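Quick note: the sequence shown uses the working numbering, first residue 3, plus one each step. For every residue, glycine included, the Cβ atom is placed at its ideal position computed from N, Cα and C. Model, not experiment: these values are computed from the prediction. Note sheet for the following structure.
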Amino acid sequence: MLTAQPITIKVQKTLQTRIGEIDFNDLHFGKIFADHMFVSDYKDGEWIDSRIMPYGQVMMSPATSALHYGQSIFEGMKAYKNDKGEVLLFRPLDNHKRINLSADRMAMPSIPQEIFMEGLKQLINLDQQWVPTTEGASLYIRPFLIGTDEYIGVKPSDTYRFYIITAPGGAYYNEPVKVLVETNFIRAVEGGVGYVKASGNYGRSLYPTKLAQQRGYQQIIWTDGKNHRYLEESGTMNLMFVIDDVLITPPLGDTILAGITRDSVLTIARDWKMKVQERKISIDEVIDAHKRGTLEEAFGTGTAATIAHISLIGFEGKDYELPPIENTIFSHRVSKELDNIRKGKAEDIHNWMYKI
Ligand SMILES: *Cc1c(COP(=O)(O)O)cnc(C)c1O
Numbered sequence: 003m004l005t006a007q008p009i010t011i012k013v014q015k016t017l018q019t020r021i022g023e024i025d026f027n028d029l030h031f032g033k034i035f036a037d038h039m040f041v042s043d044y045k046d047g048e049w050i051d052s053r054i055m056p057y058g059q060v061m062m063s064p065a066t067s068a069l070h071y072g073q074s075i076f077e078g079m080k081a082y083k084n085d086k087g088e089v090l091l092f093r094p095l096d097n098h099k100r101i102n103l104s105a106d107r108m109a110m111p112s113i114p115q116e117i118f119m120e121g122l123k124q125l126i127n128l129d130q131q132w133v134p135t136t137e138g139a140s141l142y143i144r145p146f147l148i149g150t151d152e153y154i155g156v157k158p159s160d161t162y163r164f165y166i167i168t169a170p171g172g173a174y175y176n177e178p179v180k181v182l183v184e185t186n187f188i189r190a191v192e193g194g195v196g197y198v199k200a201s202g203n204y205g206r207s208l209y210p211t212k213l214a215q216q217r218g219y220q221q222i223i224w225t226d227g228k229n230h231r232y233l234e235e236s237g238t239m240n241l242m243f244v245i246d247d248v249l250i251t252p253p254l255g256d257t258i259l260a261g262i263t264r265d266s267v268l269t270i271a272r273d274w275k276m277k278v279q280e281r282k283i284s285i286d287e288v289i290d291a292h293k294r295g296t297l298e299e300a301f302g303t304g305t306a307a308t309i310a311h312i313s314l315i316g317f318e319g320k321d322y323e324l325p326p327i328e329n330t331i332f333s334h335r336v337s338k339e340l341d342n343i344r345k346g347k348a349e350d351i352h353n354w355m356y357k358i
């Protein structure tokens, strides 16, 4: 299916742009979508009919298989404008690889690279006025793939639809979060789907998170499904600690999603000659470090916020407060560095930026 010919994308432009409806100085995340969307269909073992069309409502049968059995996967990425007004994506080929990893696990077809990349390029090029230029702002991009058979028997769908929609978003306000170590519910188990971006992973996390929020925390730290001792992820972000000047993060595996931000943060830390450990870390080790005064930082990493600083960790009825977030700390510096690379203000030594 990986054809050598460049794909053709039919383009149907909107008759009336909605760009005037948005206030770029007051952007909220995920509610207003750019003028166009990309769509491609999978049928009889082939990708067909790649097209760009006005963003809008879609008709579907109530028997659409994705709605019933969850063959639904997605990606999250961002486009930025640099000072020259050029539009850049951050590591989009990694998102392409990852959506196909998710597709494999969910018995869905792979998306050829040229469909994913050409779809992205042409869509974002067409809607480039929607890429904000304000400090910290970006165009959030949501590629997703769903099973579309009109059939409620349990089996992999024969037909699929791949969409890309986009939404401008403002600077993510990085207020430090209070997190609760979850020892009852679990996010992922070995042999499960925790390592892929399946929609159901998010659905299942909402109730435990709601309970934690009712207790005054904003987020959950997920623990391993066997003993609830080892820390895995923070909400829908990868989790990192700085203990005794060493950057520690749980190792990748079945239960941890391989975040692109995670990899970028580890790479920059290594560039900066910081000691990095990808290994299991237990709540006992974190509490012990807190007692000894060596727990310097805890934070989540992900595309939406880049870095979410953790100010307090709740565990078994006790709250453990972290040192205040200062400009000098690693998570703050690395967040700035990533912003600078994305905006073309710092050298992109790893070739992460992809010009549209
Ligand atoms: C998407 C996601 C992340 C972050 O991945 P990035 O590529 O850094 O955005 C982390 N954990 C989970 C569970 C996720 O779904």
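Quick check on this structure: which residue in the options has the alpha carbon closest to the alpha carbon of residue i?
{"i": "Tyr356", "options": "Leu268, Thr305, Ala81, Gln115", "result": "Ala81"}
{"i": "Leu95", "options": "Glu88, Pro114, Ala109", "result": "Pro114"}
{"i": "Lys157", "options": "Glu137, Leu128, Ala109", "result": "Ala109"}
{"i": "Ala300", "options": "Trp224, Ala306, Pro178", "result": "Pro178"}
{"i": "Asn186", "options": "Tyr174, Ser159, Arg231, Ser201", "result": "Arg231"}
{"i": "His292", "options": "Arg281, His311, Pro325, Pro111", "result": "Pro325"}
{"i": "Gly227", "options": "Glu328, Glu280, Glu192", "result": "Glu192"}
Would you call the CB atoms of residue i and residue j closer than 8 Å?
{"i": "Ile75", "j": "Ile101", "result": "yes"}
{"i": "Glu152", "j": "Thr269", "result": "no"}
{"i": "Val198", "j": "Leu122", "result": "no"}
{"i": "Val89", "j": "Ile285", "result": "no"}
{"i": "Ile309", "j": "Val278", "result": "no"}
{"i": "Ser42", "j": "Asp51", "result": "yes"}
{"i": "Thr225", "j": "Thr263", "result": "no"}
{"i": "Ala139", "j": "Leu29", "result": "yes"}
Measure how close the beta-carbons of residue i and residue j come, nearest whole angstrom, since I'm counting them as under 8 Å.
{"i": "Leu259", "j": "Glu235", "result": "7 Å"}
{"i": "Met61", "j": "Gln14", "result": "So it is not a contact: roughly 16 Å between Cβ atoms."}
{"i": "Lys149", "j": "Gln59", "result": "One point to set straight first is that residue 149 is Gly, not Lys, in the sequence displayed. With a Cβ gap of about 20 Å, Gly149 and Gln59 do not count as contacting."}
{"i": "Thr296", "j": "Asp246", "result": "4 Å"}
{"i": "Phe31", "j": "Tyr142", "result": "7 Å"}
{"i": "Ile9", "j": "Glu77", "result": "The pair is not a contact, with the Cβ atoms about 19 Å apart (cut-off 8 Å)."}
Going by other Cβ atoms of all chains shown within 10 Å of its Cβ, with 16 needed for buried, is residue i buried or exposed?
{"i": "Arg294", "result": "exposed"}
{"i": "Leu4", "result": "Reliability fails at Leu4, whose pLDDT of 49 lies under 50, so the model's placement of it is uncertain and no value is given."}
{"i": "Trp274", "result": "exposed"}
{"i": "Leu147", "result": "buried"}
{"i": "Gly302", "result": "buried"}
{"i": "Thr211", "result": "buried"}
{"i": "Gln221", "result": "buried"}
{"i": "Gln124", "result": "buried"}
{"i": "Gly261", "result": "buried"}
{"i": "Ile154", "result": "exposed"}
{"i": "Ala190", "result": "buried"}
{"i": "Asn240", "result": "buried"}
{"i": "Gly237", "result": "buried"}
Please report whether the beta-carbon of residue i lies at a distance below 8 Å from any beta-carbon of chain B.
{"i": "Ile258", "result": "Looking at the structure shown, chain B is missing, and only one protein chain is on hand."}
Cβ contact (3+ pairs, closer than 8 Å) linking the stretch 164–173 and the stretch 200–214: With the rule of 3 Cβ pairs closer than 8 Å, the stretch 164–173 does not count as touching the stretch 200–214.
Tell me whether the stretch 125–145 and the stretch 14–26 touch, counting them as touching only if at least three CB pairs, one residue from each stretch, are closer than 8 Å. Yes, they touch.
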